[in-house]
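Step one of this worksheet: look at the structure below.
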Amino acid sequence: MEFTREIYWNVGHGVVIPMYLLSFLAMGVCAWGFWKRVPVYRQGKSLARLDQLPRRISLLLSNLFGQIRVIRVLNPGAFHAVFFWGFGLLFIGTLLVMAQADFTHPVLGIIFLKGTFYKIFSAVLDLAGLAAIVMLGGLLVRRFVIKRDMESIRDDYVIHTLLFAILVTGFLAEGVRIAATELVQNPELASFSPVGRLFGLLFLNTPVDQLALVHKFLWWLHFVLVAVFIAAIPFTKLRHIFTTSANYVMSDLGPKGSIASINLEDESIEQFGAAKVTDLSWKDIFDADACTSCQRCQDRCPAHTTGKPLSPMKLVKQIGETAEANPDHSLVNVLTEDVLWSCTTCRACQEICPANIEHVNKIIEMRRNLTLMEGAFPGDEVRTAVSNIEVNGNPFGLAYASRGYWADGLEVSVMDQDSEVDILYFVGCYASFDKRNREIAKSFIKICNTSGVKVGILGKEEKCCGEPVRKLGNEYLYQMTAQENIELIKAYGVKKIVTTCPHCFNTLARDYKDLGLDLPVEHHTTFINGLLNNGNLKIQGEAFEYTYHDSCYLGRYMDIIDEPRSVLQTAGGKLNEMDKSRYESFCCSAGGGRIFAEEKLGSRINVERVKMAEATGAPMLVSNCPFCLTMFEDGIKTGGYEGKLAVRDLAEIVAERL
Amino acid sequence: MKLLVCIKQVPDMESKFQSNGTGDWYAESDLAYRMNEYDEYAVEQAVQLKEQLGNEPDVTVLSIGPDRVGEPIKKALAMGCDRAVHIQDSAPHTKDPWQIAAIISAFAKDKSFDLILTGMQSQDRGSAQVGVTIAEELGYGCATTIIGLAYDNGTITVKRELEGGIKGVVKLKTPALVTCQLGLNIPRYPTLPNIMKAKKKELITHPVSDFLREQELTATTSVYPPTKRSGGIVLEGEISDMVERLHAILKEKTAVVR
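Protein sequences appear in the order of chains A and B.
Numbering-wise (this note's numbering), the first sequence opens with residue 1007 and increments by one.
Numbering-wise (this note's numbering), the second sequence opens with residue 742 and increments by one.
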C-alpha cells in the first residue's frame, strides 16, 4: 500500500471554488492595502535604489531566508528566525498541496504527495508547525510576561492571536482527520505526523459523524483565519513581511556613511535639507513602513539611553506618520530641535537595524534644513566654534598661523618648504591645538621617524576637514573648507595621506572623493599595523592590561576592528573587552558635531562610557580618536574615576615601546 | 526709510600680532580677518529693524579697505543688507579716525539716511571716534554704546550701557546715528539661500579719493606689543597674615573692597 492522504477529505472538492474566491479576495485586499501606500511614498523625492540588481537580490535572499540581520540579536532574533523557517515550510507545504490537488492531479493526472516523499513531507511539516508554535509561545511570553514595560499596540495582540490560532486550528483539523482515518486504520502513517497524531488522540473516542462535523468547522476556521492573516498584512505590523524584505532590496549600496553632497553651484535649489517630508526621499518615508518597532536601535542609541529625547525608532515612525497624515507639517515642529541635535551620528542604530533602515542621513538632512535655511545651532557655544572654523579654520578660534607649532623641533617636513614626502600627515584640529591631543601627533611622528617614513604636514595651511560642521548640517562651510584642503593637497602632489583622527579619516577617504580628491587615505591604527607587519617597525612588547574603545567612525563606519587590537597585542597588551565593543561599541558623545556642544539634556554619555571601561577592571582605556580621548579625559574627571582609569591613544602606547 | 551700516574688517584678536616694517601698525602676514564684532551687532540691528518695518527700509552697508573687505561686505549682504558700498583704500590704517569719519560723511551727506549704525569701536584701533564724528559732521543726533533699540514713527528709543552696569534710555529724532555695543543682539548666521542671493546684490565700488578731502589730525607714531612684565605676586606665610596682605592689596588696587 502506498502512503498518501486524500486531499479535501471530508470537506469535498466542492470547497475549491469558495476557497479560491476567498483566497483571491484576501490577496486582493492585501494588494490594495499596499497599493494605497504608494502615493504616500511618492511624496518623497526620487532616489535610485534598483541599480546593481543581482547584488540587491542576493541581499534579499540571504537576509530573508538566512535571517542574518535578525539573528544578530540572538534573543529574540533566533525565535523569529525559527518561527519564520517553520511558518515558511508550512507555506511551501500548502503550495505543494495546492499544486497537486488543483493542478497536477486533475490536469496531468500526477500525484506526487505519496510514498516516502509523503512521509517526509508529513513529518517535516508537522515539526515545522511545532517549531513555529513553540517559538511563537516564546515570543509571546517575552513580550507579554517578561518584558512588560515593552510598548505593545493593537497589532501585537492581533498578530500573536492570529498566528497562534492559525497554527493550533491547523493541528486540530489535522488531528481530527488523523483520528478518523489513520489512528486505527493506518497507525504507521499516523506516526509520520507526530504532532497531528497527539492532537488526534484527543478525539480517539469521538464518533465518526461528529468528527466529520468538527473537522469541517475546523477546516473552514483555519482557512478563514489564514485569509484574514493575508488580508491583514498591509494594515498591521505584518506588513514587514513585504516591506522589510523590500528594504533589503533597496539598501544603500554606497560606502557606509556616504552623505549626498549638495551641488552648491546649482542656483535653482531653493530648499536645502529637509523641512518637510516632501524634501526627504521616498525611501525615507518607506523606511517607516519597513520598521518592525523592534527597538534595537533605541536600546543602543547613546542619546536615548542617557535620557535624551531622541529615539531613532520613534523618529523614523514619526516621519512615516507625518507623511501619511500631515505631509505639509514642518518636520522640526513634529520631531523638535532637541531630538535632531541629540544625535551623535554614531550609527549604532543603523548597524543593528534588522530592516536596513537608514536613520542617520535623515537626521542630517533635517539638520541641513535647520542650519542652511534657518541659521540654527544646538547652542551658542556651537555658533562660536563654527564661526571660529570660518575665520581660523579650527573650532578653538586659535590663530591659524599657530596650527603647526606643535611640530617645532620635530623631524617633520612642512609641505610649503619640502613636499617630497612619503606620507602627508593630516593632523586635524585637536592634535594640532589641544594640549593633550598633541601627544598623539608627537607619538605618531616618533613612530614614523623610527620606521623610516618621511612625514609632511600642511602646517598653517591645513584647515579643519569639515566633518563636524557637515554632520551639524552645514554643507556650505564643509564644502568651502574641504575645497581649500583639497586644492592644497593636490597642488603638493601628495601620494598618500595618514590621519590620527577617524573623523578626518572618514572625511578625506570617502567624502572628499565626491569633491575631487581620490588618494589612498589611512588611519594611523592600520598604518602602524602595516609597519609592524612588514617589519619596518619593531617594538619592545611590555605587558599592560587595557580595555579598548572602538570609536564609531573607525569601527562601525570603517570596519577597522581587529587591526588596532592586533597592534596593542604586539605591544604587550592584555585586553579586557567591554560588553559594548566592536560593532556594538557605545559612542563617546562627540560625534555628529556634538564635540562642540554642551550636553545639556539627560546624563553624560562620556561618563557612561568611562563607567563601562572602569567596570572591566583594566586600569587603562585605549582609544584611537582625539574626540574620544577628549571626552574620556573629561569623563574620568567629572565621573570621579581619576586614579582608577587612564585614557591613552594607541599611538602613545606604541611610541613608548620603540 | 534709508539705513546705513558702517562696518570694518579687523584681524581676529587671537591672531599673532607683530608690528609692521615701519612700526606704525601691525604686520598683515599670518592674520585671519573677520567683521569687527561691534559692527556685526550694527548689521543685525539694521536688518532686524528692516524686518520689523515690513521690509520697507533700504539698508546700505559700507566698508573702507582693500579687496579683502569684500568678505565682510558679502557677509553683511547675506545677513540681509540690500546694497553695498566698498570704498577702495589699500591702506586704511594710514587714515586717522577723523579722516575715516570724513570719508563716510562725504559719502553719506547727500544720501539722506534716516539712521546710521556703526559699531561702538573697532577691535583693532579702538578709537570709538568714527561713529560720533560722522554724526557731528552730518549734524545727526547720536547715541553711543546702545544695547537696545526701538523705532516708532521718526523717533528712536535706545537703551545705553553706562559705566558700572548702569543703563540709560535716550530718545532721538531721526536722522540719527547709533553706535552698537555687545548685548544689543545675537547676530544671525547667514542662511545658504541668502548667501546665494547676496552674490547678486548691488555692490558699488568707489576709490577712496572720491571722498577723501581732509588731512589727518592725529598720527600714529608707533605700534608695539606690551613689554613683558614680571609675574604676579605670590603670597607666602601664615594664613592670617596672607589674608591681611591680600585684603590690603585688593583695597589698594581694586574696587572689590571699599
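Using N, Cα and C, we set each Cβ at its ideal position, and we do this for glycine too.
Measure the CB-CB distance between residue i and residue j and report whether it falls below 9 Å.
{"i": "cysteine 1507/A", "j": "cysteine 1631/A", "result": "yes"}
{"i": "lysine 942/B", "j": "aspartate 830/B", "result": "no"}
{"i": "isoleucine 1611/A", "j": "threonine 1350/A", "result": "yes"}
{"i": "isoleucine 857/B", "j": "isoleucine 814/B", "result": "no"}
{"i": "lysine 1452/A", "j": "alanine 1661/A", "result": "yes"}
{"i": "threonine 1487/A", "j": "glycine 1399/A", "result": "yes"}
{"i": "threonine 1187/A", "j": "tryptophan 1015/A", "result": "yes"}
{"i": "threonine 1644/A", "j": "asparagine 1443/A", "result": "no"}
{"i": "leucine 1378/A", "j": "tyrosine 1482/A", "result": "yes"}
{"i": "proline 1401/A", "j": "proline 1474/A", "result": "yes"}
{"i": "arginine 1078/A", "j": "valine 1255/A", "result": "no"}
{"i": "threonine 920/B", "j": "valine 910/B", "result": "no"}
{"i": "isoleucine 1291/A", "j": "glycine 1536/A", "result": "no"}
{"i": "glutamate 1468/A", "j": "valine 1433/A", "result": "yes"}
{"i": "glutamine 1356/A", "j": "leucine 1341/A", "result": "no"}
{"i": "leucine 918/B", "j": "threonine 859/B", "result": "yes"}
{"i": "alanine 832/B", "j": "valine 802/B", "result": "no"}
{"i": "serine 846/B", "j": "threonine 874/B", "result": "yes"}
{"i": "alanine 773/B", "j": "isoleucine 936/B", "result": "no"}
{"i": "glycine 867/B", "j": "cysteine 883/B", "result": "no"}
{"i": "leucine 879/B", "j": "alanine 849/B", "result": "yes"}
{"i": "leucine 1224/A", "j": "leucine 1207/A", "result": "no"}
{"i": "isoleucine 888/B", "j": "lysine 912/B", "result": "no"}
Below 8 Å on the Cβ atoms is my contact criterion, and I expect residue i with residue j to pass it. Report the Cβ-Cβ distance as a whole number of Å.
{"i": "valine 1504/A", "j": "isoleucine 1429/A", "result": "5 Å"}
{"i": "arginine 1043/A", "j": "aspartate 1295/A", "result": "7 Å"}
{"i": "valine 1140/A", "j": "phenylalanine 1177/A", "result": "Not confirmed; about 12 Å, so no contact."}
{"i": "valine 1616/A", "j": "phenylalanine 1592/A", "result": "Not quite, the Cβ-Cβ distance comes to about 11 Å (not below 8 Å), so this is no contact."}
{"i": "glycine 1499/A", "j": "serine 1572/A", "result": "Going by Cβ atoms, the distance from glycine 1499/A to serine 1572/A rounds to 32 Å, so no, they are not a contact pair."}
{"i": "asparagine 1375/A", "j": "alanine 1252/A", "result": "Incorrect: roughly 27 Å between the Cβ atoms, too far for contact."}
{"i": "tyrosine 1047/A", "j": "tryptophan 1288/A", "result": "5 Å"}
{"i": "aspartate 851/B", "j": "methionine 742/B", "result": "Rounded, the Cβ-Cβ distance is 17 Å, inconsistent with contact."}
{"i": "proline 1384/A", "j": "alanine 1603/A", "result": "5 Å"}
{"i": "arginine 1197/A", "j": "isoleucine 1184/A", "result": "One point to set straight first is that residue 1197/A is serine, not arginine, in the sequence displayed. Not really, about 10 Å apart at Cβ, beyond 8 Å."}
{"i": "threonine 1576/A", "j": "leucine 1656/A", "result": "Not confirmed; about 11 Å, so no contact."}
{"i": "serine 756/B", "j": "alanine 1405/A", "result": "5 Å"}
TODO: Could you tell me whether the segment 1149 to 1165 of chain A touches the segment 1121 to 1140 of chain A, where touching means 3 or more Cβ pairs closer than 8 Å?
DONE: no
Open item on the list: At 4 residues or longer, what runs of the alpha helix (DSSP H) sit wholly inside the segment 1120 to 1180 of chain A?
Closed with: 1121 to 1147
- [ ] Could you tell me whether the segment 835 to 842 of chain B touches the segment 948 to 959 of chain B, where touching means 3 or more Cβ pairs closer than 8 Å?
- [x] yes
- [ ] For the segment 1585 to 1598 of chain A, enumerate the residues whose C-beta is nearer than 9 Å to any C-beta of chain B, in chain order.
- [x] none
TODO: Kindly confirm or deny that the segment 918 to 935 of chain B and the segment 770 to 789 of chain B touch, where touching means at least three C-beta pairs closer than 8 Å.
DONE: yes
- [ ] Would you check if the segment 1301 to 1308 of chain A and the segment 1318 to 1326 of chain A touch, i.e. whether three or more CB-CB distances between them fall below 8 Å?
- [x] yes
Open item on the list: Beta carbons nearer than 8 Å to chain A: which residues of the segment 908 to 938 of chain B have them?
Closed with: Ile927, Arg929, Tyr930, Pro931, Thr932, Leu933, Pro934, Ile936 and Met937
Task: the segment 883 to 904 of chain B: positions lying closer than 7 Å to chain A by Cβ - done: none
- [ ] Select from the segment 1382 to 1397 of chain A all residues with a C-beta closer than 9 Å to any C-beta belonging to chain B, and list them in chain order.
- [x] Ala1382, Phe1383, Asp1386, Arg1389, Val1392, Ser1393, Asn1394, Glu1396 and Val1397
TODO: Could you tell me whether the segment 795 to 809 of chain B touches the segment 746 to 761 of chain B, where touching means 3 or more Cβ pairs closer than 8 Å?
DONE: yes
Task: Interfacial residues, the segment 1276 to 1304 of chain A to chain B, with Cβ spacing under 8 Å - done: Glu1276 and Phe1278
Task: Where the segment 761 to 778 of chain B meets chain A: residues whose CB sits under 9 Å from a CB there - done: Ser770, Asp771, Leu772, Ala773, Tyr774 and Arg775
Open item on the list: Using a Cβ-Cβ cutoff of 7 Å, what residues of the segment 1363 to 1381 of chain A are near chain B? List them in chain order.
Closed with: Leu1378, Met1379, Glu1380 and Gly1381
Open item on the list: Measuring CB atoms only, is the segment 1029 to 1048 of chain A touching the segment 1225 to 1244 of chain A, in the sense that at least three cross pairs come out at less than 8 Å?
Closed with: yes
TODO: Closer than 7 Å, Cβ to Cβ, to anything on chain B: give me those residues from the segment 1401 to 1418 of chain A, in chain order.
DONE: Gly1403, Leu1404, Ala1405, Tyr1406, Ala1407 and Ser1408
- [ ] Indicate whether the contact test is met: 3 or more Cβ pairs, each with one atom in the segment 1328 to 1347 of chain A and one in the segment 1241 to 1256 of chain A, closer than 8 Å.
- [x] no
Open item on the list: Using a Cβ-Cβ cutoff of 8 Å, what residues of the segment 747 to 759 of chain B are near chain A? List them in chain order.
Closed with: Asp753, Glu755, Ser756 and Lys757
Task: Where the segment 1250 to 1276 of chain A meets chain B: residues whose CB sits under 9 Å from a CB there - done: Ile1268, Leu1270, Glu1273, Ile1275 and Glu1276
- [ ] Taking a Cβ distance cut-off of 7 Å, strictly less, list which residues of the segment 1469 to 1490 of chain A are near chain B, in chain order.
- [x] Tyr1482
TODO: For the segment 887 to 955 of chain B, list the beta strand (DSSP E) runs that are entirely contained and at least 3 residues long, ordered along the chain.
DONE: 896 to 902, 908 to 914, 917 to 921 and 943 to 948
Open item on the list: With a threshold of 8 Å, are at least 3 pairs of Cβ atoms found where one atom belongs to the segment 1083 to 1092 of chain A and the other to the segment 1137 to 1154 of chain A?
Closed with: yes
Task: Secondary structure, beta strand (DSSP E): runs of 3+ residues fully inside the segment 1495 to 1550 of chain A - done: 1503 to 1505 and 1527 to 1529
- [ ] Count the C-beta pairs between the segment 1220 to 1231 of chain A and the segment 1168 to 1176 of chain A that are closer than 8 Å, then say yes if the count reaches three, no if not.
- [x] yes
Task: Contained alpha helix (DSSP H) runs [length at least 4] in the segment 836 to 860 of chain B, N- to C-terminal order - done: 838 to 849
- [ ] Just list the alpha helix (DSSP H) runs in the segment 1289 to 1361 of chain A, keeping only unbroken ones of 4 residues or longer that don't cross its boundaries, in chain order.
- [x] 1302 to 1306, 1308 to 1311, 1318 to 1331, 1337 to 1341, 1343 to 1348 and 1354 to 1358
Open item on the list: Below 8 Å, how does it come out for the segment 1203 to 1215 of chain A and the segment 1258 to 1267 of chain A: are there three or more Cβ pairs, yes or no?
Closed with: no
Task: Sequence ranges, alpha helix (DSSP H) only - wholly within the segment 1182 to 1208 of chain A, length at least 4 - done: 1193 to 1196 and 1200 to 1207
Task: Segments assigned alpha helix (DSSP H), at least 4 residues, entirely inside the segment 1016 to 1045 of chain A - done: 1022 to 1041
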